[in-house]
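Residue numbers (the working numbering): 129 to 314. As structure tokens, the structure follows; a few thoughts come after it.
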Amino acid sequence: MRIVLLGAPGSGKGTQGEKLVAHFGIPKISTGDALRAAVAAGTELGKQAKATMDAGKLVANDIVIGIVEERLEQADAVRGFILDGFPRNTAQAQVLDKLLDGHHQQPIDKAIHLAVDDEEIIRRLHERAVKEGRHDDKPEVIRHRIEVYNAETHPLLDYYRVQGKLATVQGVGAVDDIFQRILGAL
Ligand code: AP5
Ligand code: MG
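Given below as structure tokens:
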């Protein structure tokens, strides 16, 4: 199973991704988690990415592609993986397809789009800001992340639709109900 999770910030990619990990026993590759870990560890890459992430902008393609390529080469990703937060623009999607081909891996099976309205996204991220204090969950940054999603990432729905790989799942409601919808779509 090679799954791409698509969706706006706060749409539940991380939450549903974890459930897919438990269900299929394949790893989740989250560029956002990897970047936050690099920031927390104070690595050179983390230092480069921090200001961009805090502003809700996209980190440079070569940085995130490097993260994904390295992770895909690890043994546990050979049987499949779940991508959370990558690809995020058409260039990244094209490189991903080439990477899989170049490493003699099967292509992406399915792109799951978690559809959640802006009002619910903003509600969730404001709530998480209070609980977790993620630096990009500030009101003005949330707004910008949604704009970046609409401009850069939303076109990927068409990228996967024309390949016959897109499934849109309603991402509002109980986490377990949404998960059942995802399993139904796979
Ligand atoms: P990233 O970490 O990918 O963040 P994001 O896309 O903004 O998404 P979130 O992690 O905020 O939300 P999510 O969809 O995972 O939802 P979650 O399950 O957490 O990226 C962060 C930054 O890193 C980017 O802005 C960029 O700078 C950089 N970056 C990352 N990847 C990149 C790339 N490929 N290229 C360039 N730059 C990149 O849920 C959200 C909240 O809602 C949680 O509190 C959760 O508990 C709650 N929740 C989940 N499901 C439900 C539900 N059904 N009902 C109620 N609440 C729910
Ligand atoms: Mg996430």
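Heads up, the beta-carbon is just placed ideally off N, CA and C, and yes, glycines get one too.
The DSSP-derived three-state label of L148 is helix. In the DSSP annotation of this structure, the continuous segment of the alpha helix (DSSP H) that includes T159 starts and ends at 159–169.
For I131, the enclosing beta strand (DSSP E) starts and ends at 130–134.
Setting aside the 5 residues that flank it on each side, V132 is surrounded in the same chain by L211, I236, A239, each with a C-beta closer than 6 Å to its C-beta; the list follows chain order. Taking 8 Å as the cut-off, the Cβ atoms of P155 and I270 do not count as close. In this structure, the C-beta of D305 stays at least 7 Å away from each heavy atom of the ligand MG.
In the three-state reduction of the DSSP assignment, A257 falls in the helix class.
Taking a contact as a CB-CB distance under 8 Å, the pair L148 and L284 does not count as one, their CB atoms being some 19 Å apart. The stretch 193–203 and the stretch 211–231 touch, with three or more beta-carbon pairs separated by less than 8 Å. Among the bridge pairs identified by DSSP, Q298 is matched with A243.
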